[in-house]
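By the count of our numbering, the sequence shown reaches residue 475 at its end, each step adding exactly one.
Cβ coordinates follow ideal geometry from the N, Cα and C atoms, glycine included.
Computed from a predicted model, the values in this text were never measured in an experiment.
Remarks on the structure that follows.
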Amino acid sequence: MGKLLLLFTVVPLVELYLLLFIGDRVGFWPTVAIVASTGAIGAILAKREGLRVLEKWQAALAEARVPEEGVLGGVLVLVGGVLLVTPGVLTDFTGLMLLIPPTRRIIAGFVMRSVERRVAAGSVHVVSYGLGGPGAGAPRSAPRSAPRGQRSVPAMPGVIDVEGEVIDVEG
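Here is the structure:
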């Protein structure tokens with residue numbers, strides 16, 4: 305929470321300073337033109353790069369391969385597009401770096417290493433649950449069944465774990 309608060313207070317102040325600095329150097333209208341043009345260019349680049357990533361994913365999946373540019377690449381394109389459409393010099397520069405494929409790959413590498421370190425340190429915990437049907441509410445990563453006499457999921461408070469057997473009453 306503290307990092308987000310810092311981010312949402314410091315970045316706008318830096319952006320304001322940079323816009324005033326540039327406006328003082330080149331004038332008001334050229335500064336407005338720079339901000340407007342980077343927003344338009346950002347929208348065009350985000351659309352183009354987003355479609356390119358999507359086409360690569362579709363082609364790879366059609367050939368039953370894992371896409372080379374994973375979900376992280378798509379997320380970085382999305383973030384880059386949002387940053388480029390956001391008025392400001394710092395956000396425009398950062399967004400542009402996320403939309404250019406070579407720099408996006410470098411940034412994706414840093415992000416992946418950071419996530420891997422957090423996972424290795426045990427500071428990331430991911431649990432997903434089913435939406436309904438048999439096994440609803442059980443973590444998806446947990447085995448659905450275990451050999452008789454062994455528990456597949458550790459007992460949790462409020463959970464009644466029973467074994468059952470289907471008996472064919474008609475046959």
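query, result
"Taking DSSP as the reference, what is the three-state secondary structure of Ser341?", "helix"
"Cα separation between Phe287 and Pro316?", "This structure gives no information on residue 287, because the portion of the chain shown stretches from 305 to 475."
"To the nearest angstrom, how far is it from the Cα of Arg356 to the Cα of Gly327?", "35 Å"
"How is Pro316 classed by DSSP in three states: helix, strand or coil?", "helix"
"Please report the distance separating the alpha-carbon of Gly413 from that of Gly399.", "17 Å"
"Decide if the region 341-348 is in contact with the region 306-322; the criterion is three or more beta carbon pairs, one per stretch, under 8 Å apart.", "no"
"Just mark Val415 as buried or exposed, buried being the case when its beta carbon has 16 or more other beta carbons within 10 Å.", "exposed"
"Evaluate the contact criterion for the region 372-390 versus the region 329-337: three or more CB pairs, one atom per stretch, below 8 Å.", "no"
"Would you mind working out which of Val375, Phe397, Lys360 and Gly306 sits nearest Thr280, comparing C-alpha positions?", "Beyond the ends of the chain as shown, which are 305 and 475, falls residue 280; an answer cannot be given."
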